[in-house]
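**Q** Here's a structure for you.
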Amino acid sequence: MEKRRSNAQDIAKGMMIIGVVFFHCYLEVFSSPADALSTFNPLVACFPFILSTFFFYAGYNYKPDTRTYKQHIARRAKQLLIPLLFAFIISTVLISSMELASHFDNPGATFQSIGNSILYFLMSEPTALIVGFPRSGGIIFELMLSLCLLWFLYTLFFCSLFFYWLVKYTNKRLTTLVSVVILLLSISFCVVQFVPYGNYLPFQVQSYPVVLSIMLVGAYLRKSNFLDRPVSGKKGIALLVANALIAEALVAGISLALHYAFGTMTVGSMPGSKFDPAILGFDVFACFGFGILGVYFVHTMARGIALIPFVCSGFQWMGRHSSLFYLFHPIFLDLAAICIFQKNIPWGRGQAFFYLAVVLAMMCLVFFLIDLIVKSVKNKKRNEAN
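Following this note's numbering from start to finish, the sequence shown increments by one per residue and tops out at 607.
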């Protein structure tokens, strides 16, 4: 049976999940994230296509089989919505407990802040702003709001509703794929430009056509094994490295052009976030191309890293556990913020990296221990069965 998920994918996912955590650490250490993002920073320019990579792989790993449409959707719901609900409940309980422990002198106000924060999250920030729902403020509010980072899961689910319906047509002919992608991007462009609040709709709805386009392109490219063609000899490796460098040069060039033309970076990784150029009138067609280009760069670089055994193993492990890192990193961000940032430790220029190192170390330790426990239980059951 053909393996749909290559080692390079695990490596790329490992790199990108580090990028996700770094980006959110970067925002946490600045009092004004908008100001930080409007200032050109090469580190931020490295991560404008993080979630595009995950969306692309979701389409790239599509395999036509005997499942019906309903079976596909039921499978997606189990994969995405159940973990999302579980992560939300666990995160809410733990974050609220940590907040109460750090503000035990005024539990009434803390409970009210927690309740407001949960409601604010459930209705999504755009809806809350439109209806005038009050922002409670404080670290609990900011980190409950950071659970909106989990928008990737419900976005992927809702886009899958259309993906499994369209992919059987777009995979047959290139002209059909091009027509559908142009139509979807046109819809996104019109929504952003002409619909009231179209650039800031609840649950990132305006980005769904672009996400769906990336998924469909990924599914089509898998037909020719586009990203994983065999590499042999020194010339093949040199070509792989050259492709990665050219792709990154184009990514950096576009990032610089966007920064100087619009005063912002494409840090949201998808048209739809309030920091993305589509919100400022930039063409979503260019944003779509930028996302695909970024995916190519990340995957090509991952194939090069796959040639370095020790480094490869570390990124692969993180990539295989990327869903855990994604689902629960808001908890660890909150824990680090309460334990470290509220103790008035003086920070230097490397504060975001220090925060990242602390959060990653905490997550890696916890998930590694869980991994060992699960493996030991499986081995014990296997031995008992034998």
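Just so it is clear, CB atoms sit at the ideal spot from N, CA and C, and this is done for glycine as well. Just so you know, these numbers come straight off a predicted model, no measurement behind them.
In this structure, does DSSP put Y283 in helix, strand or coil?
**A** DSSP places Y283 in coil when its eight states are reduced to three.
**Q** From N464 to L581, what distance separates their C-alpha atoms?
**A** Cα to Cα, N464 sits roughly 30 Å from L581.
**Q** Using DSSP with H/G/I as helix, E/B as strand and the rest coil, what is F277?
**A** Helix at F277.
**Q** Who are the near neighbours of P304 in its chain, counting only those whose CB is closer than 8 Å to its CB and skipping five residues on each side?
**A** Counting only Cβ-Cβ distances below 8 Å, and skipping sequence neighbours, we find L374, S544, L548.
**Q** Look up L590 in the DSSP assignment and say whether it is helix, strand or coil.
**A** The answer is helix: DSSP assigns L590 an H, G or I state.
**Q** Thinking C-beta only, is G280 closer than 8 Å to F384?
**A** Going by C-beta atoms, F384 is nearer than 8 Å to G280.
**Q** Could you give the residue range of the alpha helix (DSSP H) that holds I408?
**A** Start and end: 395-415.
**Q** Look up R296 in the DSSP assignment and say whether it is helix, strand or coil.
**A** In the structure shown, R296 sits in a helix (DSSP, three-state: H, G or I).
**Q** Between which two residues does the alpha helix (DSSP H) holding L371 run?
**A** Looking at the DSSP string, L371 is not in any alpha helix (DSSP H), and its letter there is neither H nor E.
**Q** Between which two residues does the alpha helix (DSSP H) carrying F536 extend?
**A** That run of the alpha helix (DSSP H) goes 530-541.
**Q** In angstroms, rounded to a whole number, what distance separates the CA positions of C508 and I594?
**A** Cα to Cα, the separation comes out at about 43 Å.
**Q** Roughly how many whole angstroms lie between the Cα atoms of P551 and K455?
**A** Between P551 and K455, the C-alpha separation is close to 43 Å.
**Q** Counting C-beta neighbours from all protein chains within 10 Å, is the total for G502 16 or more, i.e. buried, or is it exposed?
**A** The pLDDT assigned to G502 is 43, lower than 50, so where the model puts this residue is not dependable, and the model offers no usable value.
**Q** Does DSSP put P423 in a helix, in a strand, or in coil?
**A** Three-state result, P423: helix.
**Q** Consult DSSP for A527 and reduce its assignment to one of helix, strand or coil.
**A** Coil at A527, not helix or strand.
**Q** For D231, name the three-state secondary structure that DSSP assigns.
**A** Correct three-state label for D231: helix.
**Q** Just checking my contact of C380 with V432 at CB under 8 Å: how many whole Å lie between their CB atoms?
**A** So it is a contact: roughly 5 Å between Cβ atoms.
**Q** Please work out which residues of its chain come closer than 6 Å, Cβ to Cβ, to D449, disregarding the five sequence neighbours upstream and downstream, and give them in chain order.
**A** Around D449: S227.
**Q** Compare the C-alpha of A295 against each of D592, L382, L461, L442 and name the closest.
**A** Checking every option, the nearest Cα to that of A295 belongs to L382.
**Q** What is the rounded straight-line gap between the Cα of I239 and the Cα of Q537?
**A** Near 12 Å, if we compare the C-alpha coordinates of Q537 and I239.
**Q** CB L405 to CB S434, shorter than 8 Å?
**A** Yes, the Cβ-Cβ distance between L405 and S434 is below 8 Å.
**Q** Apply the 10 Å Cβ neighbour rule to P285 and answer buried if 16 or more other Cβ atoms are within range, or exposed otherwise.
**A** Exposed, by the Cβ-count rule.
**Q** Distance, Cα to Cα, F506 vs K234?
**A** The alpha-carbon atoms of F506 and K234 are separated by roughly 25 Å.
**Q** Whole-angstrom Cβ separation of W386 and Y283, contact assumed at under 8 Å?
**A** Not quite, the Cβ-Cβ distance comes to about 12 Å (not below 8 Å), so this is no contact.
**Q** Can you tell me whether S544 is helix, strand or coil according to DSSP?
**A** Reduced to three states, the DSSP call for S544 is helix.
**Q** Would you call the CB atoms of Y517 and A470 closer than 8 Å?
**A** Not in contact: Y517 and A470 (Cβ atoms no closer than 8 Å).
**Q** For the candidate residues M584, G515, V587, whose alpha-carbon lies nearest to that of S273?
**A** Answer by Cα proximity: G515.
**Q** I'd like to know whether the C-beta atoms of E249 and A578 end up nearer to each other than 8 Å.
**A** Contact flag unset, no.
**Q** Rounded to a whole number of angstroms, what is the C-alpha to C-alpha distance between Y576 and L306?
**A** Using only the alpha carbons, I get a separation of about 27 Å.
**Q** Would you kindly check if the distance between the Cβ of I335 and the Cβ of S312 is under 8 Å?
**A** In this structure, I335 does not lie closer than 8 Å to S312 by Cβ.
**Q** Less than 6 Å between C-beta atoms, sequence neighbours within five positions excluded: which residues of the same chain meet that for D231?
**A** Hits under 6 Å: Q537, G540, R541.
**Q** Using 8 Å for Cβ pairs, my map puts F275 next to M436. What's the rounded Cβ distance?
**A** At roughly 10 Å, the Cβ-Cβ gap does not stay under 8 Å, so F275 and M436 are not in contact.
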